[in-house]
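In what follows, a single structure is set out as structure tokens and then discussed.
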Amino acid sequence: SQTIHQWPATLVQPVGSPLSLECTVEGTSNPNLYWYRQAAGRGLQLLFYSVGIGQISSEVPQNLSASRPQDRQFILSSKKLLLSDSGFYLCAWSVQDEQPQHFGDGTRLSIL
Amino acid sequence: GDSVTQMEGPVTLSEEAFLTINCTYTATGYPSLFWYVQYPGEGLQLLLKATKADDKGSNKGFEATYRKETTSFHLEKGSVQVSDSAVYFCALRGGSNYKLTFGKGTLLTVNP
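Here is the structure:
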């Protein structure tokens, strides 16, 4: 069966520090991969999605970037974190061109 | 563009009460519709889905019917339990789009 792993589960970082969140999927090949952010009291905002290795689409301009170095690995990064980057970050995968999406357990990021 | 509107919460019910969470959508083409549930501190889990008009999705006592004429996908449960306390998200995938559009979420609290 397919599984998705995100880490770390929680992270506290100072403003201006770098960020790297990792997501891996097991049990499937060539999935679509997604990064979402959930700000407090708000819905989910799609940040990035990827349909293949090295293929990244950005949904909103921001301080973050994403990379897909391997088929089932999706990384969310920042060179310098802002206070506004605080939130709950969720990775998801889906079978190519199909739904639904399946979510990881999320990373709670606090910026101090 | 695509959009999803959910009833604003929070919703507080007593155990065994009837639950309705309203969801309406705007989309081009023939979207697929989903309800996701997020338990405290966790990622999102798919609760149920419907892929065409008049389909009824059901799971764990929850139901939702895809109503094209009213562009709605209301979530219902006949008798809620304390363990149903969570945030519920309505979402759609447009006909030719692999991205999900989410509503803002509705917090449900069930008291014993």
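Heads up: the protein sequence lines correspond to chains A and B, in order. Positions in the first sequence are counted from 1; adding 805 to them yields the numbering used here. Positions in the second sequence are counted from 1; adding 1 to them yields the numbering used here. Note that beta-carbon positions come from the ideal geometry of N, C-alpha and C, so glycine has one too. As the structure is a computational prediction, the values presented were derived from the model and not from experiment.
Integer Cβ distance of residue i from residue j, believed to fall under 8 Å
i: A/Q818; j: A/I916; result: 6 Å
i: B/Y67; j: B/K53; result: 7 Å
i: A/Q906; j: B/L101; result: 6 Å
i: B/G104; j: B/Q7; result: 4 Å
i: B/E43; j: B/V111; result: Contact flag wrong, Cβ pair sits at about 17 Å.
i: A/L914; j: A/L816; result: 5 Å
i: B/S73; j: B/T25; result: 5 Å
i: A/L852; j: A/W840; result: 5 Å
i: A/W898; j: A/P813; result: About 19 Å; that fails the 8 Å criterion.
i: B/G106; j: B/V88; result: 5 Å
Strand pairing of residue i, partner residues [DSSP]
i: A/H810; result: A/T829
i: A/N837; result: A/S899
i: B/S1; result: Because residue 1 of chain B is not part of the residues shown, which for chain B are 2 to 113, the question remains open.
i: A/V817; result: A/S915
i: A/R884; result: Per the sequence shown, residue 884 of chain A should be read as Lys rather than Arg. Paired residues: none, contrary to the question.
i: B/K50; result: B/F35
i: B/L135; result: It is not possible to answer for residue 135 of chain B, since the shown part of chain B is limited to 2 through 113.
i: A/R877; result: BP columns for A/R877 are empty, so no partner.
i: A/L869; result: None; A/L869 has no bridge partner.
i: A/V856; result: A/V856 is not bridged to any residue.
i: A/G892; result: A/L914
i: A/Q843; result: A/L849, A/F893
i: A/S862; result: A/Y854
Cβ-Cβ distance between residue i and residue j below 8 Å
i: A/D788; j: A/S883; result: Outside the modelled stretch of chain A, which goes from 806 to 917, sits residue 788 of chain A, for which no answer is possible.
i: B/A92; j: B/V5; result: yes
i: A/C828; j: A/I809; result: yes
i: B/L129; j: B/F35; result: Residue numbering for chain B in the displayed model covers 2 to 113; residue 129 of chain B lies beyond these limits and cannot be assessed.
i: B/L20; j: B/F90; result: no
i: A/A844; j: A/G892; result: yes
i: B/S86; j: B/L109; result: yes
i: A/S855; j: A/L881; result: no
i: A/Q807; j: A/V830; result: yes
i: B/K50; j: B/S33; result: yes
i: B/V114; j: B/I22; result: In the structure as shown, chain B starts at 2 and stops at 113, and residue 114 of chain B therefore has no counterpart that could be examined.
i: B/D3; j: B/A28; result: yes
Subject >> Within 7 Å of chain B by C-beta, residues of the stretch 841-854 of chain A in sequence order >> reply: Against chain B - using a Cβ distance shorter than 7 Å - the residues of the stretch 841-854 of chain A are R847, G848, L849, L851, Y854.
Original post:
Relative to chain A, which residues along the stretch 37-65 of chain B have a C-beta separation below 9 Å, given in chain order?
Top reply: If the cut-off is 9 Å between Cβ atoms, the stretch 37-65 of chain B has Y37, Q39, G42, E43, G44, L45, Q46, L47, K50, T52 near chain A.
Original post:
Mind listing which residues of the stretch 8-38 of chain B have their C-beta closer than 7 Å to chain A's C-betas, in chain order?
Top reply: Shown in chain order are the members of the stretch 8-38 of chain B whose Cβ falls below 7 Å from a Cβ of chain A: S33, F35.
Original post:
Which ranges would you report for the beta strand (DSSP E) in the stretch 5-40 of chain B if only whole runs of at least 3 residues count?
Top reply: Complete beta strand (DSSP E) runs here, min 3: 12-15, 20-22, 24-27, 33-39.
Subject >> Minimum length 3: unbroken beta strand (DSSP E) runs contained in the stretch 71-107 of chain B >> reply: Complete beta strand (DSSP E) runs here, min 3: 76-78, 87-94, 101-103.
Original post:
Got a sec: which bits of the stretch 815-836 of chain A sit with their beta carbon under 9 Å from any beta carbon on chain B, in order along the chain?
Top reply: Result list empty, no residue passes.
**OP:** Identify each residue in the stretch 894-912 of chain A for which the Cβ-Cβ distance to at least one residue of chain B is less than 9 Å, and report them in chain order.
**Re:** Residues of the stretch 894-912 of chain A whose Cβ lies closer than 9 Å to any Cβ of chain B, in chain order: L895, C896, A897, S899, Q901, D902, E903, Q904, P905, Q906, H907, F908, G909, D910, G911.
Subject >> Residues in the stretch 71-100 of chain B having any Cβ partner in chain A nearer than 8 Å >> reply: So the close ones are F90, R94, Y99, K100.
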